[in-house]
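Numbering (the working numbering), first residue to last: 1 to 115.
Note that CB positions come from ideal geometry on N, CA and C, so glycine has one too.
Just so we're clear, the structure is a prediction, and the values are computed from it rather than from any experiment.
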């Protein structure tokens with residue numbers, strides 16, 4: 001399981017991206033970037049990244065999360081994170097990015113926060 005699989009579903013006007021695999025330099029971060037840019041192009045501005053099945057994120061993947069967050073914000077959209085593994089939560093804490101992202105453990109809480 002080298003690359004990242006992203007499946008997409010809608011919950012009202014929120015697009016949920018269920019991510020499975022690794023967000024690393026190369027395919028993983030490119031897959032994330034192209035998916036986010038496509039959603040923005042389609043006018044979908046409320047995006048929830050479900051990272052529950054993401055086993056690993058490298059510095060390139062972290063960069064891509066930040067870049068996606070910035071791109072979505074520029075379009076007056078909202079990008080939030082769901083189901084962080086302990087490893088990813090620690091990584092975001094160390095890089096001080098936990099203060100940047102809205103992070104949720106429950107999908108229903110995350111969805112209601114978009115109101």
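Residue i and residue j closer than 8 Å at C-beta
i: residue 48; j: residue 4; result: no
i: residue 19; j: residue 72; result: no
i: residue 17; j: residue 50; result: yes
i: residue 110; j: residue 82; result: yes
i: residue 6; j: residue 24; result: no
i: residue 61; j: residue 29; result: yes
i: residue 103; j: residue 84; result: yes
Among the options, the one whose alpha carbon lies nearest that of residue i
i: residue 56; options: 107, 21, 76, 100; result: 21
Separation of residue j from residue i, as counted between CA atoms
i: residue 9; j: residue 39; result: 12 Å
i: residue 94; j: residue 87; result: 11 Å
i: residue 91; j: residue 58; result: 9 Å
i: residue 14; j: residue 105; result: 16 Å
i: residue 97; j: residue 26; result: 22 Å
Where residue i falls, given that 16 or more other Cβ within 10 Å makes a residue buried
i: residue 76; result: exposed
Residue i beta carbon near the ligand FAD (any heavy atom closer than 7 Å)
i: residue 35; result: This structure does not include the ligand FAD; it has no bound ligands of any sort.
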